[in-house]
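A.B. asks:
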Amino acid sequence: MRVVICRFALTIAGLLLGLQARGADADRPVRTLETPGGVRFGIWGDLPAAPSPTLFILANTIDGTLGGPYFRQAGQALGKQGYLCVSVDLPCHGEEHRSDEPRDLAGWRHRCEQGENFVEEANRRLSQVLDHLVAAGHTQATKVAVCGTSRGGFMALHFAASDARVKCVAAYAPVTDLAALREFHGAEANSLVKSLALIQVAEKLAGRAVWIVIGDCDERVGTDHAIALARGITKASLAKGLAGRVDLHVVAEPRGHTTPAGAAEQSAAWIHAQLDSSAATPQPQQSRSAEE
Numbered sequence: 173m174r175v176v177i178c179r180f181a182l183t184i185a186g187l188l189l190g191l192q193a194r195g196a197d198a199d200r201p202v203r204t205l206e207t208p209g210g211v212r213f214g215i216w217g218d219l220p221a222a223p224s225p226t227l228f229i230l231a232n233t234i235d236g237t238l239g240g241p242y243f244r245q246a247g248q249a250l251g252k253q254g255y256l257c258v259s260v261d262l263p264c265h266g267e268e269h270r271s272d273e274p275r276d277l278a279g280w281r282h283r284c285e286q287g288e289n290f291v292e293e294a295n296r297r298l299s300q301v302l303d304h305l306v307a308a309g310h311t312q313a314t315k316v317a318v319c320g321t322s323r324g325g326f327m328a329l330h331f332a333a334s335d336a337r338v339k340c341v342a343a344y345a346p347v348t349d350l351a352a353l354r355e356f357h358g359a360e361a362n363s364l365v366k367s368l369a370l371i372q373v374a375e376k377l378a379g380r381a382v383w384i385v386i387g388d389c390d391e392r393v394g395t396d397h398a399i400a401l402a403r404g405i406t407k408a409s410l411a412k413g414l415a416g417r418v419d420l421h422v423v424a425e426p427r428g429h430t431t432p433a434g435a436a437e438q439s440a441a442w443i444h445a446q447l448d449s450s451a452a453t454p455q456p457q458q459s460r461s462a463e464e
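If you're matching positions, the sequence shown starts at 173 in the working numbering and goes up one per residue.
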């Protein structure tokens, strides 16, 4: 695990400058489509004519995620480079909200109290969208990534854990444990709430490329929870003889729960590097004691 504890310095490599300089402008429309099975999803711009690298972006609703640069995150740069940027409504958001339940995070708690695993349901929808995009010739199956902000980071990490076709995941100030949220105060003992903590899927993320950024005083989702998750994934990786591939950025951020400046651009360069077919997969290094 690589850990960076610093004030975020925006140092973009030549690769990223190329990403920003090419392609369409940021005013391309958000289009809503459906799979043959009826799963609703959105794209930023047009469907590519040939199989393309694909970035799933998760935050809240399709329009709320793809409609502005803050939640598009890495997609802001990668979309201009020819990446297909895709999103879905999260559970209890947008068209996925049911009339008999609260909206947003309160809805997640409601479903947990009803014993309904909303993460599994969302993962099924996301995988079905990916199935469709690959079958239709729009997505290059070997170049799939996901990113997400806050609750979207929670869902992005879960999706990566559930579908091995996702090659890398970037999470911005992610929720990592529902019990840390004020919306779940009093529900910490709920068995589903506990089982959905991302530390429970650390083994499924072992050896996978994971990039996390969070402020050093994020009390909304818990900086320490994000650090514990990163350490847990690396521990699971090393236990399996795999290289730890977690990049954790803990950044001086006085605003609390937000995406630190420069994170979207840095993660775009990182995602592009992970999906680059010429990038070699890191190998575990021989451990050495401090006395050597």
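Using N, Cα and C, we set each Cβ at its ideal position, and we do this for glycine too. Quantities reported herein were computed from a predicted structural model and do not represent experimental measurements.
(1) Does the stretch 236 to 249 touch the stretch 300 to 313, meaning 3 or more C-beta pairs lie closer than 8 Å?
(2) In this structure, how does DSSP classify G434 when only helix, strand and coil are distinguished?
(3) Given 7 Å as the limit, tell me if N362 has its C-beta closer than that to any heavy atom belonging to the ligand HEM.
(4) Which full runs of the beta strand (DSSP E) of 3+ residues lie inside the stretch 309 to 349, going along the chain?
(5) Helix, strand or coil, according to DSSP, for D261 in the structure here?
(6) Check for me: the alpha helix (DSSP H) holding R404 runs from which residue to which?
(7) If you draw a straight line from the C-alpha of R275 to the C-alpha of G413, how long is it?
(8) Inspect the CB distances between the stretch 337 to 346 and the stretch 258 to 271 and report whether three or more fall short of 8 Å.
(9) Could you check whether R417 and R380 sit closer than 8 Å to each other, using their CB atoms as the reference points?
(10) Verify whether the separation of the beta carbon atoms of L370 and L401 is less than 8 Å.
(11) Tell me which residues share the same chain as E360 and place their Cβ nearer than 7 Å to its Cβ, disregarding the 5 neighbours each side in the sequence.
(12) Rounded to whole angstroms, what's the CA-CA distance from A436 to W442? Just pull it up for me.
(13) Rounded to a whole number of angstroms, what is the C-alpha to C-alpha distance between G214 and L329?
(14) Quick one: what's got a C-beta closer than 6 Å to L250's C-beta in the same chain, skipping five residues either side?
(15) Taking buried to mean at least 16 other C-beta atoms within 10 Å of its own C-beta, is E425 buried or exposed?
(16) Would Q438 pass as a contact of C319 if the rule is Cβ separation under 8 Å?
C.D. replies: According to the data block:
(1) no
(2) Within the sequence shown, numbered from 1, the residue matching residue 434 stands at position 262. Three-state result, G434: coil.
(3) Because no ligand of any kind appears in the structure shown, any question about the ligand HEM cannot be addressed here.
(4) You should have 311 to 321 and 340 to 344.
(5) Translated into the one-based positions of the sequence shown, residue 261 becomes position 89. Of the three classes helix, strand and coil, the one that applies to D261 here is coil, per DSSP.
(6) As a working note, residue 404 is residue 232 in the sequence shown. The residue you asked about is not Arg; residue 404 is Gly in the sequence shown. Start and end: T395 to A411.
(7) Position 103 of the sequence shown holds residue 275. Position 241 of the sequence shown holds residue 413. About 43 Å.
(8) no
(9) By 1-based counting over the sequence shown, the position of residue 380 is 208. By 1-based counting over the sequence shown, the position of residue 417 is 245. Cβ distance < 8 Å, so R380 and R417 count as in contact.
(10) Within the sequence shown, residue 370 is the residue found at index 198, counting from 1. Within the sequence shown, residue 401 is the residue found at index 229, counting from 1. Less than 8 Å divides the Cβ of L370 from the Cβ of L401.
(11) Translated into positions along the sequence shown, residue 360 becomes position 188. Answer for E360: A351, listed in chain order.
(12) As a working note, residue 436 is residue 264 in the sequence shown. As a working note, residue 442 is residue 270 in the sequence shown. Near 10 Å, if we compare the C-alpha coordinates of W442 and A436.
(13) Walking along the sequence shown from the start, residue 214 turns up at place 42. Walking along the sequence shown from the start, residue 329 turns up at place 157. One C-alpha to the other measures close to 20 Å.
(14) Indexing the sequence shown from 1 puts residue 250 at position 78. If we look at L250 and ignore the five residues flanking it on each side, its Cβ neighbours are L227 and A440.
(15) Position 253 of the sequence shown holds residue 425. Residue environment for E425: buried (at least 16 other C-beta atoms within 10 angstroms of its C-beta).
(16) If you number the sequence shown from 1, residue 438 lands on position 266. If you number the sequence shown from 1, residue 319 lands on position 147. Going by C-beta atoms, Q438 is not nearer than 8 Å to C319.
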